[in-house]
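Undergrad: In order, the protein sequences belong to chains A and B. Okay, so the first sequence: first residue is 5 according to the numbering used here, each after it adds one. Okay, so the second sequence: first residue is 5 according to the numbering used here, each after it adds one. For each residue, glycine too, the CB sits at the ideal point set by N, CA and C.
There are 2 protein chains.
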Amino acid sequence: MVQGQRENPDGRERLVRTAFVLFADKGFDGVTVRDIAAASSVSVGLINHHFGSKDGLREAVDEFFIAQFEDAITGAAPQELSTTQDPAEVIDAWIERHADDWPTIVAYFRRALLEESDWGFSLFQRFYGFVQSTVMRMDAAGQLAPDVDRLWLPFLMMYLEIGTMVFDPYIKRVLGRSGYDRELWQRRHRAYMTLIRRGTAPRRAPD
Amino acid sequence: MVQGQRENPDGRERLVRTAFVLFADKGFDGVTVRDIAAASSVSVGLINHHFGSKDGLREAVDEFFIAQFEDAITGAAPQELSTTQDPAEVIDAWIERHADDWPTIVAYFRRALLEESDWGFSLFQRFYGFVQSTVMRMDAAGQLAPDVDRLWLPFLMMYLEIGTMVFDPYIKRVLGRSGYDRELWQRRHRAYMTLIRRGTAPRRAPD
DNA sequence: TCAGAGACTGAACAAATGTGCAGTATGCGA
DNA sequence: TCGCATACTGCACATTTGTTCAGTCTCTGA
Chain A
5 MVQGQRENPD GRERLVRTAF VLFADKGFDG VTVRDIAAAS SVSVGLINHH FGSKDGLREA
65 VDEFFIAQFE DAITGAAPQE LSTTQDPAEV IDAWIERHAD DWPTIVAYFR RALLEESDWG
125 FSLFQRFYGF VQSTVMRMDA AGQLAPDVDR LWLPFLMMYL EIGTMVFDPY IKRVLGRSGY
185 DRELWQRRHR AYMTLIRRGT APRRAPD
Chain B
5 MVQGQRENPD GRERLVRTAF VLFADKGFDG VTVRDIAAAS SVSVGLINHH FGSKDGLREA
65 VDEFFIAQFE DAITGAAPQE LSTTQDPAEV IDAWIERHAD DWPTIVAYFR RALLEESDWG
125 FSLFQRFYGF VQSTVMRMDA AGQLAPDVDR LWLPFLMMYL EIGTMVFDPY IKRVLGRSGY
185 DRELWQRRHR AYMTLIRRGT APRRAPD
């Protein structure tokens, strides 16, 4: 880990960070090694020098993404469902903190899922385990009706979470603003909580 | 629209159908014109002859997909929510009917949405209008509690629907079988309906 | 001060891929 | 029967793209 040059240092790290943004934006196949090198202000050869191949770079970027992703969701989602107290400030602070990096993280996440690769699956599984433990906690706390399907509920909740992330670009085009905008996001959170808890029917079902 | 050859006829249609399957399986960039031509048992040149370019072929395949998709969902989803009667047989029949083509349709749909292209957006919008009208019908029928967020509900319902389609490959790897398998699909439908109607909390909320 | 290790460069190479085009075959209308 | 439109073929071409490698530069340790 010794830097062996004066000008143009930290090529390796710049490559990873730049490739992360480019992959998220255009996808792995949509970016050439020349694009990455140029955007990183290094030569093409440096990619293979550090990572062996373009695929090697991808692995490094994947690891970088995992770190970013876990860092972002840690301390964000768990409280939303397990406690009953109003988490408005928690969410506000979270949005504030990740306003810059979140869009890129989400975009990369989308690509990972789309590619249906092994590591996209492991990401899905990680998320699944996360939601499942939330459901088990709800169950233990007596917050689940006995006839709720314990198999499907985690998946349905995942769909709600992931959908919000993955389809935000479309939300933006339909509503004119991102679902992560403060007011919209607060509303979404309430709508989400209400749906999970009480559904949509009036207290006294009409039928 | 005149066939001008004897052997190897209907090249155009075979190209579209073959490309549809290949695009769904490997994505647009993951398939070469030579792959498509070979799988269609035609020459490479025929693609540009009929469609001008690979992109032209994609447009034709997109149209083909839209037709397939609309044909498949028409008469499937609307009844699920608007009526209270048990739609088990309807769904059963639907699964039976589309057992062969549905996986490919879903795979293609998934790519279209996740690629964030213009036409993926128009697909999203179409779906949105579809779900929104369902919600409005529910509302008119008095099936929505007054404090339900009318803005977010259609999106959340979309996420539930789309998630099932888009993440089916992962479901397959987590549960060992497709979410569209009969028994699993029936259960999913019940779980979905229950969640939308009543949520997950017991009748008497514990808090 | 010298040698080596490692970061870095950039031209050259080979493979892959979309497209163009000249040529062939066949059915239809005149 | 002739001519034209059109489906179709397949080779050739230009471009793109990932990879290789010989060579340069700079820091570190002996």
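1) So with CB distances below 7 Å, who are the chain A contacts of Q280/B?
2) How would you call R141/B, buried or exposed, if buried means at least 16 neighbouring beta carbons within 10 angstroms?
3) When you compare only the Cα positions, how much space is there between L179/B and D59/B?
4) What in chain A is Cβ-close to Q129/B, meaning under 9 Å?
5) Flag R114/A as yes if its beta-carbon sits less than 8 Å from any beta-carbon of chain B, otherwise no.
6) What three-state label does DSSP hand E119/B in the structure shown?
7) Anything in chain B within Cβ reach of E120/A, meaning under 7 Å, just list it in chain order.
8) Can you give me the Cβ contacts of S44/B inside the same chain, cut-off strictly under 6 Å, excluding the 5 residues immediately before and after it?
9) Taking 8 Å as the CB-CB limit, is E17/B close to chain A?
10) According to DSSP, simplified to helix, strand and coil, what is T168/B?
11) Select from L148/B, F128/B, Y184/B the residue whose C-alpha is nearest the C-alpha of R177/A.
12) When the Cα atoms are used, what is the spatial distance from R194/B to V152/A?
13) Does the distance from the C-beta atom of T212/A to that of F159/A stay below 8 Å?
14) Does any residue of chain B bring its CB to less than 8 Å from the CB of W3/A?
15) Excluding sequence positions up to five away, which residues of its chain have a Cβ less than 7 Å from the Cβ of L26/A?
16) Give the straight-line distance between the Cα atoms of L199/B and I95/A, rounded to the nearest whole angstrom.
17) For G203/B, return the contacting residues in chain A, with the cut-off set at a CB-CB distance below 7 Å.
TA: Once the coordinates are examined:
1) Since the first residue shown for chain B is 5 and the last is 211, residue 280/B is missing from the structure and cannot be characterised.
2) exposed
3) 37 Å
4) Y174, R177, V178
5) yes
6) coil
7) P173
8) R18, L19, T22
9) no
10) helix
11) F128/B
12) 9 Å
13) Here chain A covers residues 5 to 211 and nothing more, so residue 212/A does not appear.
14) Given that chain A is displayed from residue 5 to residue 211, the structure contains no residue 3/A and the question cannot be resolved.
15) V35, D39, I40, A43
16) 24 Å
17) L199, I200, R201, R202, G203
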